[in-house]
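Please read the structure below before turning to the comments.
Number of protein chains: 2
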Amino acid sequence: MYRSHNCGQLRMSDVGQTVTLSGWLQTSRDFGGMTFIDMRDRYGITQIVFNMEDNEELCARARKLGREDVIQITGLVRERSNKNPNRPTGDIEIEVQDLSILNESKVPPFTIEDETDGGDDLRMKYRYLDIRRTPVRNNLIFRSKLAIETRKYLDGQDFIEVETPVLIKSTPEGARDFVVPSRMNPGQFYALPQSPQTFKQILMVAGMDRYFQIVKCFRDEDLRADRQPEFTQIDCEMSFVTRDEVLATFEGLTKYLFKTLKNIDLPDFPLMSYDDAIRLYGSDKPDTRFDMHFVELNDVAQGKGFSVFDNAELVVGINATGQAEKYSNKDIKKLTEWMQRPQIGAKGLVYVKVEAGGTFKSSVGKFFEEAALQTWADKMGAKEGDMMLILSGEAEKTRKQLNELRLEMGQRMGLMDPAVYKPLWVVDFPLLEWDEESERFHAMHHPFTSPKKEDQERMLNGDHETMKALRADAYDLVINGVEIGGGSIRIHDRALQSKNFDLLGFTKEEAEEQFGFLLGAFEYGAPPHGGIAFGFDRLCAVMNGVNSIRDFIAFPKNNQGRDMMIDAPSPIADEQYDELYLKGTYSPETKG
Amino acid sequence: MYRSHNCGQLRMSDVGQTVTLSGWLQTSRDFGGMTFIDMRDRYGITQIVFNMEDNEELCARARKLGREDVIQITGLVRERSNKNPNRPTGDIEIEVQDLSILNESKVPPFTIEDETDGGDDLRMKYRYLDIRRTPVRNNLIFRSKLAIETRKYLDGQDFIEVETPVLIKSTPEGARDFVVPSRMNPGQFYALPQSPQTFKQILMVAGMDRYFQIVKCFRDEDLRADRQPEFTQIDCEMSFVTRDEVLATFEGLTKYLFKTLKNIDLPDFPLMSYDDAIRLYGSDKPDTRFDMHFVELNDVAQGKGFSVFDNAELVVGINATGQAEKYSNKDIKKLTEWMQRPQIGAKGLVYVKVEAGGTFKSSVGKFFEEAALQTWADKMGAKEGDMMLILSGEAEKTRKQLNELRLEMGQRMGLMDPAVYKPLWVVDFPLLEWDEESERFHAMHHPFTSPKKEDQERMLNGDHETMKALRADAYDLVINGVEIGGGSIRIHDRALQSKNFDLLGFTKEEAEEQFGFLLGAFEYGAPPHGGIAFGFDRLCAVMNGVNSIRDFIAFPKNNQGRDMMIDAPSPIADEQYDELYLKGTYSPETKG
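Going line by line, the protein sequences match chains A and B.
For the first sequence, position 538 (counting from the first letter as 1) is numbered 537 according to numbering that gives the first Met the number 0, and the numbering increases by one without interruption.
For the second sequence, position 63 (counting from the first letter as 1) is numbered 62 according to numbering that gives the first Met the number 0, and the numbering increases by one without interruption.
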């Protein structure tokens, strides 16, 4: 037996007991004839004490121990004279009677403390040391708890967890698949699923009624800090439901998770149409922790002779309350330059400060009279001390730029409190996006999303322009400007699904080849159904006010898709090529 | 709203209510002016009634409905005159007032009943119809519950579920890996994990203390009925534990699962050494629902002039109690032929029947006197009416053959009651197996398994013969002759691990290349640790007395590794080859 208790367990009530602990040496301090060691395991830290007077040999051995050595001690629990109120075990210490070294440690390449001196690459290579750090370990424990509570809730709602296959079929849609050559079927490949979408729909046709799965998905995309080639979804599907029933179920799940894991009571989730989200926030995932919504000014700002505005499709602004005095001309110049960086690409930035006595100070003051500026202020609700910030240009681009500006101002003005959570549902997305370049439609959500009921007839019989206006019965859950999940009511009718494939540019043969099994399934009594998927890594991050999902993945890959610790991917042996009937690979330089 | 209740919900207490149900048409019966339809969903079946007199149009429409049509009805719950006590909803029926057809169904290719007329291939192709059948659906629901209860138990024992990566590194050991070409790292491949073995050990080095995961694993092997290229494990690891602590924890899990899901109280799990299992049952996974253990007869059967026995390494038998009269000469001849089939390969089968008055009837009666046969009977505890069955030859082969015979006799004698569960731990496996052909050692368990503590010193310093005798600190959980899980205490010391790789024929470079990260981790304070993995699919099957794991997998693959429903694997596009820097594949015919 390596231990009678763990390192986070002992309290005053245990004083007088002889106990055995095992764990890592966190820190060691020698004071005169005494040596104090903090012993650590997953559960906590316990102070152990060696005394030269009591046992010189033992104390001498203890003094030779180094950081991260694994030790086992037996000793007597006693009350500490110098208690540590910041530690649950801080009232006691252990007077060591016996010490074994279970394993020695070399000096770690970075310190195992909450704040470490290790850079990203080093920490990824020695991930086993990084995870010993309390914040990283706590993230993984949070993730485990979040999964358990998710399952508890969904199980309580009659959802069945069904494992769908990982070795599936490659589809040309959307992002790139990872593929897996088949040894038993030469020349053929499996693909790893980007999501279990078709399988969960099949499960609805199969009568499973309510399905969920916490499941790994795969996407061979170029990676950013917040993307991983493998990621985890809470994947769900329900039969015989309307949109509002799906939303109620997953609003319930989200509230339950926040309450259980963070003790936060979320407010009810408002609905916002996609059109409103774009019009008011320039984004389909608005951060609604603060308002500062867009106000369109075309009617009051155009036709006054300022050609930049007159020639713009859209003139639109936000009101930064109380910011007038905080921004010198220099500050505004800097902000303008920030907006003009290629990442945002604004041509310029117009400001109007509301000053004392109903006067204005503005970069466009010479084009507009005070009375004109007053109409802007009225529209935007700007009061003395406020600063209106206005952009103009092509509508879609301008809204995107103003979205960036709004978020930046929200950040600067301290309106994005990480302790505040503002969820909402964005609904009524367009069904199809017209791509001018390829002259074809793309599915805004995915090819299985149903148009809203009132649009189904028009979809089957309408003309090209009608298609652009179709609304999808789709929804996204957004919290604090982050898309946590999305889903839709699905098509369950073969004719409608065929029409959708047709609009998306699939030939009949391609549709049959790729999705024949689903089209076939729709002919054998497919129920109305819909579902949703939450990004599980992202949910972990958002619930902890963190941007990067990597912090919540035990063994993440870097931006080149490499696992730095195990050094994967790696070359394979010639025999493996042979067994898989692969002719070989070539380097990009020789690519024809 | 598609329904106010599901099809398994309504009871007498609901009589008088107006309800809305949605579901599938299971069966339809016309009686004079009435039409009775059984409406089905996941939750049950409810009878709905149409009456020509009440509403001719509605009833006429109902009569046109076909099997598996998806319908929605609204109507009044009323008491049935002709109750069905076999159905929870059997006391009521619904007098339909409104009917919508939500989706029509073609005639299914097989009947959606508990017993179906669909063959395996057809059922796999139309898996969405197969899952509508109650036994298949119940299997999937059982699996979901088993996962939930497993998690509940392990969570209660402080285990943390950590997701380990699916895209890892190919290793040449053991079974074949599935590999995944990397687009971002040309010429390099990921591999899919055969198990998260090294990651879970890394998590112990990382101080996670108790890890589990219900996780997909992958093995590119030639498939049998009870193998799948992707399968699921309950994968666990614990730090600072001895073997007996691991066994106690997972004996606890197993008992909990049987109690919770089957209401069965399992007895305590006895330990049996690998040597005893082989000596007494000729198998390292003995079915101990019945005894009929092996009795070695060399000392009493050899040296009497029967050359077959005299020249054999081993003479060994079992006693089939009460079978003497049941086996005619013809029966014994048939049994002998069964043993002589190439699958078993026995040369012959000796029987000795114990007859009335202490006399014997035996195929070797002319070689042995009654007194000699009596010594056999004494050793085997054979009484009047019993039949001893004896094999001889090379020890290992003979034991395997007698294992087959024992299981066959157990089956014939009705001793393998599917309602009885007999678990045991098989322990003390050999650490290494010497392979004469390749002249090298193989790991009996895997290369990370620790020798027993008392063997560690000998392993580091012993000679070749010593290595053959090393015992592993490994254990298998066996229930009713099926291996449910296995594990071991791991090596946590770099020197011992290096020695093991050395014995297994790895060069220093190969060991470093493949497992350098683990060897490295062992230098930074690796705790003593051990773990286990349960075959989750297999556990589902055994708990339900079923042989094939396929019955518990929603979308299994066939023996060629194909998913018959989605028709995967399949060819990929030329652009996909290009993107992955693959030169192409070739057909086996042209293989050099």
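Each residue gets a CB set at the ideal place from its N, CA and C atoms; glycine is no exception.
Look at the alpha carbon of residue i and the alpha carbon of residue j, and state the distance between them as a whole number of angstroms.
i: M51(A); j: T17(A); result: 20 Å
i: T115(A); j: K421(A); result: 32 Å
i: M183(A); j: D566(B); result: 14 Å
i: K82(B); j: R28(B); result: 16 Å
i: N558(A); j: W23(A); result: 32 Å
i: F289(B); j: V419(B); result: 10 Å
i: T248(B); j: K124(A); result: 32 Å
i: S194(B); j: D385(B); result: 47 Å
i: G519(A); j: E432(A); result: 27 Å
i: E509(B); j: V426(B); result: 30 Å
i: P450(B); j: S569(A); result: 31 Å
i: Q186(B); j: Q496(A); result: Here residue 186(B) is Gly; the residue named in the question, Gln, does not match the sequence. The alpha-carbon atoms of G186(B) and Q496(A) are separated by roughly 39 Å.
i: G155(A); j: D13(A); result: 39 Å
i: D592(B); j: R132(B); result: The shown model of chain B, from 0 to 591, leaves out residue 592(B), and the question about it has no answer.
i: D416(A); j: T287(A); result: 11 Å
i: G117(B); j: P108(B); result: 7 Å
For residue i, which option in the options has the closest C-alpha, if you only look at C-alpha atoms?
i: E103(B); options: F30(B), L121(B) and R66(B); result: R66(B)
i: S99(B); options: A311(B), R60(B), K258(B) and K378(B); result: R60(B)
i: V161(A); options: V214(B), P192(B) and A174(B); result: V214(B)
i: M203(B); options: L334(B), G485(B) and G524(B); result: G524(B)
i: L401(B); options: Q373(B), L334(B), K467(B) and T358(B); result: L334(B)
i: H491(B); options: L517(B), I93(B) and G480(B); result: L517(B)
i: M207(B); options: Q575(A), D176(A) and G43(A); result: G43(A)
i: F268(B); options: Q71(B), V245(B) and A532(B); result: V245(B)
i: Y1(A); options: D119(B), Q200(B), P84(B) and D243(B); result: D243(B)
i: L166(B); options: G380(B), Q96(B) and S181(B); result: S181(B)
i: A355(A); options: R489(A), L64(A) and Q373(A); result: Q373(A)
i: S272(B); options: I91(B), S282(B) and M11(B); result: S282(B)
i: L9(A); options: Y585(A), V76(A) and R62(A); result: V76(A)
By DSSP, does residue i sit in helix, in strand, or in coil?
i: M542(B); result: helix
i: G591(B); result: Bear in mind that the predicted position of G591(B) carries a pLDDT of just 47, short of 50, making it unreliable; the figure below should be weighed with that in mind. Three-state result, G591(B): coil.
i: S12(B); result: helix
i: H4(A); result: coil
i: K261(B); result: helix
i: N138(A); result: helix
i: S282(B); result: coil
i: N557(A); result: coil
i: A520(B); result: helix
i: A572(B); result: coil
i: Y474(B); result: strand
i: T506(B); result: coil
i: N402(B); result: helix
My understanding is that residue i touches residue j, with C-beta atoms under 8 Å, so please give their C-beta distance in whole angstroms.
i: T45(B); j: T110(B); result: 20 Å between Cβ atoms; not a contact.
i: L595(B); j: A553(B); result: Since the first residue shown for chain B is 0 and the last is 591, residue 595(B) is missing from the structure and cannot be characterised.
i: A323(A); j: V353(A); result: 6 Å
i: C216(A); j: F230(A); result: 6 Å
i: G529(A); j: M237(A); result: 6 Å
i: L459(A); j: M443(A); result: Actually they are not in contact, since the Cβ atoms of L459(A) and M443(A) sit about 19 Å apart, beyond 8 Å.
i: V69(B); j: L101(B); result: 4 Å
i: F30(B); j: V48(B); result: Not confirmed; about 10 Å, so no contact.
i: F359(A); j: F305(A); result: Contact doesn't hold; Cβ gap of about 14 Å is too wide.
Exercise. Within the region 351–381 of chain A, note down every full alpha helix (DSSP H) run reaching 4 residues or more, in order along the chain.
Key: If we require 4 residues or more, the alpha helix (DSSP H) runs fully inside the region 351–381 of chain A come out as 369–379.
Quiz item: Considering only residues of the region 52–137 of chain B, which uninterrupted beta strand (DSSP E) runs meet the minimum length of 3 residues and lie entirely inside it, listed in chain order?
Solution: Positions of the beta strand (DSSP E) runs, each at least 3 residues long and wholly inside the region 52–137 of chain B, are given as 69–78 and 91–102 in order along the chain.
Quiz prompt | beta strand (DSSP E) runs contained entirely in the region 314–350 of chain A, provided each spans 3 or more residues | solution = Qualifying beta strand (DSSP E) stretches: none in this window.
Self-check item: Runs of alpha helix (DSSP H) lying entirely within the region 427–500 of chain A, each at least 4 residues, in chain order
Solution: For the region 427–500 of chain A, whole alpha helix (DSSP H) runs of length 4 or above, ordered along the chain, are 455–460 and 463–468.
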